[in-house]
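Taken in order, these protein sequences are the chains called A and B. For reference, each letter of the first sequence is one residue, going 1 to 468 in this note's numbering. For reference, each letter of the second sequence is one residue, going 469 to 704 in this note's numbering.
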Amino acid sequence: MITLPAVLLCAAGLLIAGVSALATNQRPWLSASIVALVSALLAGLIALPVGARLTLLGISLDFAQPFVVLGRAFVLSEVSRSSAAVVLASGAILLATAWRTPQGRYFVPLSAALIFFLFIALTVRPFAYAALAFQGAAVAGAILVQGNRAGSRSTLSSWRYLVSATLALAALFFAGWFADRAARTTAADPASAAAAYDVPTALMLIGFVLLLGALPLYSWIHPAVKDAPPLVSALLGAVVLGGTQLWTFEVWRELDWLQNDTVRSVLSTTGSLLLTLAALLGWAQRSFARALAAALFAEVGSGLLLVVTDSTRTAEALLLSTLARSISLSAFCLGLAVLDQSSATSAPTRLRLWALGAAVVGGLSLAGIPGTIGFVARWVTARGIGQTDLEGMLLILAAGASISIGVLRSAHQILSREVSSESQPAETPPEGDNLPLRLTLAVSIALTVLLGLWPSALVPLLGVSVPQ
Amino acid sequence: MSNPIELLRRLSEVATPTLVLLLAAAAGVTVLVHNWRIALPATAAHFVLAGALLSQVLDPTVAFIKPLAGVVACLGVALAAFQADQMRQRIGQSIALERLRRPNWLQLPSQLLLRMIVAALVLVTALNAAARFPIPTSAPGLVAAAYVLAGFGLALIATSFEAMNIGLGILLLLSAFELAFTPLEPSIGVSVLLAVVTLMVGLAVSVLTLADVEPTDEPSQATLAEASLTADAEVG
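Right under this line is the structure:
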């Protein structure tokens with residue numbers, strides 16, 4: 001019997017799905033369905049219990065076996081399995097949402113490339129080589145942001161994202177090399193251990209904050225959300241930021257020398273700063289895109305606080321918040337995409353109301369309002385952080401409340417415009433034409449609410465316990 | 469002599485300081501002159517010179533991967549820049565062609581002067597940094613070249629309005645990283661992976677160069693900024 005590393009099957013599956021999406025790019029619904037289905041299947045496969053063996057057509061899948069290419073090992077370790085499964089599932093959810101609302105000419109193939117690169121980043125060893133995969137994801141993301149360009153959009157966010165990823169690439173590669181050197185020095189002279197890791201620690205910190213878009217403030221997340229089509233913002237917010245947060249946590253857990261008070265203090269200060277910013281700015285927003293940017297600041301901030309919290313619930317909270325964010329963003333950004341599309345045409349009012357409903361429910365879930373999946377993730381996060389950092393927990397709750405006000409103000413702004421434009425009746429197409437779109441909106445709303453009421457449905461995918 | 473790898477090996481026999489100077493000159497032209505017809509050949513030349521510097525510490529066959537990937541990336545960007553120029557001309561936004569056809573050599577615009585001052589400052593800082601903060605176990609010539617390229621790359625990103633020039637800044641940054649890091653881990657795997665990254669970034673730069681051309685009647689931020697700063701025709 002032939003034994004195949006599961007990681008190779010996953011990477012090959014994603015590549016084939018990407019190529020198929022490119023081949024069927026003329027039919028967006030088909031290409032989106034292919035990539036969503038493959039990602040979902042692979043997520044289910046990776047989420048199988050540790051130790052499970054799978055045999056297909058005489059080929060046995062080995063989850064622990066590494067696959068080595070060009071001297072670099074790709075492996076689904078116990079930690080990276082859950083992360084990879086969540087990233088794939090997030091991608092599947094968002095692409096399933098996009099089947100009726102393509103966001104640019106090569107939206108689906110580039111999204112498949114983005115998911116592929118993040119999968120590679122989570123599975124490659126040594127960790128520094130993940131930086132190459134993040135650079136690949138940045139290239140795909142920078143091009144995706146330019147999809148469906150309208151006159152007022154700019155290339156600023158794409159450049160900022162690319163520059164951040166390039167600087168992070170250099171920082172992480174040198175961090176890896178300096179860390180190896182420090183390990184050799186420390187072995188020869190244990191007294192020099194503390195000073196030997198100063199340079200790699202500083203470089204790792206630079207790499208983390210650049211990749212997460214945390215510092216400099218407003219570097220790429222804010223302009224990207226403003227420039228990108230809504231579902232691309234969702235991909236960046238859920239898959240890219242989620243994958244990067246999970247990778248940061250893996251690296252933090254793996255490297256003992258990184259776990260010192262200086263790093264804890266820098267990361268928690270950055271996290272608190274982002275949360276404060278989100279809490280101060282979120283409520284004042286009257287546009288969904290800006291409210292989303294504030295929400296992503298809060299997500300990155302709470303992720304950083306979680307990473308440095310030595311809590312037993314950190315992994316659980318990070319995985320759950322990534323998955324919850326993708327579900328919330330699928331409803332929120334699908335609603336925005338439909339609102340965007342329908343403002344250009346004379347779409348029926350009922351469709352616009354469904355879209356607005358999805359945007360509000362998704363936005364409130366993103367803010368962590370009770371009764372939504374976002375609340376479950378926010379609760380687990382706040383509880384994890386609250387064990388050691390009460391101020392951090394309060395900041396998370398304040399940011400959530402502030403963002404929810406911003407979401408409601410943005411919805412009010414749109415409703416006011418709707419009311420004022422109703423005085424000019426337009427010729428509307430029949431409602432039946434939009435049935436699939438309305439169904440997709442309804443499913444995304446239902447998923448956001450139902451999973452908020454019964455979060456235990458996510459347990460098999462996360463491989464961790466979720467509170468009831 | 470017709471073998472490009474042999475040519476690179478012969479080029480690597482030139483003294484290191486001369487190669488570093490030529491590399492700095494090529495990158496300097498990329499920073500100073502923003503017209504793609506001059507900036508892109510200079511960027512391609514910098515890739516060849518960086519390849520020659522790498523062949524001093526690597527097998528020329530492995531080092532050849534760098535100029536190959538760099539030149540291919542530059543070709544892609546050149547095609548995109550040409551296409552963007554055509555599109556700009558069609559919508560009446562192009563000033564790049566005019567600047568090349570009728571350069572006013574006697575009147576230097578303030579923007580070019582600013583770039584020259586920035587480039588001079590960056591050059592001095594980079595050479596100083598190379599002497600003060602050398603990368604351990606790496607060849608001093610390569611370290612100096614890496615610092616100069618990193619400085620020029622950041623300067624280009626910071627002082628450019630046009631998408632293509634920012635992209636060239638990113639390519640210079642990648643090149644700087646490669647010059648500094650490859651001697652520390654001289655393997656074909658690292659060289660191939662970095663070449664793939666260079667090609668991917670080249671692709672993104674090409675797409676964004678085309679995306680920078682505004683489809684509407686409103687002039688782009690880049691065009692407005694340039695038009696206000698360069699009322700007279702210039703080469704840069």
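For every residue, glycine included, the Cβ atom is placed at its ideal position computed from N, Cα and C.
- About 5 Å separates the CB atoms of S643 (chain B) and L617 (chain B); that is less than 8 Å, so the two are in contact.
- By the 16-neighbour rule on beta-carbons within 10 angstroms, S265 (chain A) is exposed.
- Within the stretch 66-82 of chain A, L70, G71, R72 place their CB atoms closer than 8 Å to a CB of chain B, listed in sequence order.
- Spatial neighbours of L339 (chain A) in its own chain (CB-CB distance under 6 Å, excluding positions within 5 residues in sequence) are listed in chain order as A355.
- Residue pairing for V69 (chain A): DSSP places it in a beta bridge opposite A:R72.
- Rounded to whole angstroms, G136 (chain A) and L241 (chain A) show a C-alpha spacing of 14 Å.
- For chain B, the residues of the stretch 136-167 of chain A that bring a beta carbon within less than 7 Å of one of its beta carbons are G136, V139, A142, I143, Q146, R149, G151, S154, T155, S158, W159, L162, V163, T166, in chain order.
- Listed along chain A, the residues sitting closer than 8 Å to G657 (chain B) by beta-carbon distance are L70, G71, R72.
- Boundaries of the beta strand (DSSP E) around S60 (chain A): 59-62.
- Chain-order list of chain B residues neighbouring W454 (chain A): empty, with the shortest C-beta distance near 42 Å, by a criterion of under 8 Å.
- Between I625 (chain B) and chain A, the shortest Cβ-Cβ separation is below 8 Å.
- When A:A183, A:G271, A:L353 are compared, the shortest CA-CA separation from R417 (chain A) is found for A:L353.
- Burial state of D553 (chain B) is buried, judged by a 10 Å Cβ sphere holding 16 or more other Cβ atoms.
- Assigned with DSSP and collapsed to three states, L212 (chain A) falls in coil, not helix or strand.
- The beta carbon of M632 (chain B) sits no closer than 8 Å to any beta carbon of chain A.
- Note that the C-beta distance between A191 (chain A) and F119 (chain A) is not below 8 Å.
- Non-local beta-carbon contacts of P28 (chain A) in its own chain, meaning distances under 6 Å to residues more than five positions away in sequence, involve P102 in chain order.
- Comparing C-alpha distances from S111 (chain A) to each of A:L122, A:A98, A:V263, A:P49 shows the shortest one belongs to A:A98.
- S420 (chain A) is not a Cβ neighbour of A358 (chain A), given a cutoff of 8 Å.
- In this model, S77 (chain A) and L415 (chain A) are separated by some 49 Å (Cα to Cα).
- Under a criterion of Cβ atoms nearer than 9 Å, the residues of chain A adjacent to F649 (chain B) are, in order, A170, F173, F174, W177.
- In its chain, beyond the 5 residues on either side, A510 have a beta carbon closer than 6 Å to the beta carbon of V497 (chain B).
- The DSSP-derived three-state label of V482 (chain B) is coil.
- CA-CA distance, G637 (chain B) to L258 (chain A), rounds to 31 Å.
- Using a CB distance cut-off of 8 Å, L319 (chain A) does not count as an interface residue toward chain B.
- Look at L132 (chain A): its C-beta is under 8 Å from a C-beta on chain B.
- Residue contact check for M668 (chain B) against chain A: a CB pair falls below 8 Å.
- Its Cα nearest to that of A47 (chain A), the residue A:L88 stands out among A:L56, A:S31, A:L88.
- Within the model, the alpha-carbon separation for Y218 (chain A) versus G301 (chain A) is close to 13 Å.
- Note that the C-beta distance between L122 (chain A) and W247 (chain A) is below 8 Å.
- The C-beta of L661 (chain B) comes closer than 8 Å to at least one C-beta of chain A.
- Around the C-beta of I369 (chain A), 16 or more other C-beta atoms lie within 10 Å, and the residue is accordingly described as buried.
- Sequence-distant Cβ neighbours of T650 (chain B) in its own chain, meaning closer than 7 Å and more than five residues away, are L522, L526, V658, S659.
- A residue is called buried when at least 16 other Cβ atoms come within 10 angstroms of its Cβ; P528 (chain B) meets this threshold and is buried.
- Between the beta-carbon of A85 (chain A) and that of A140 (chain A) there is about 21 Å, and that puts the pair past the 8 Å contact cut.
- Bridge partners of I2 (chain A) according to DSSP: A:I59.
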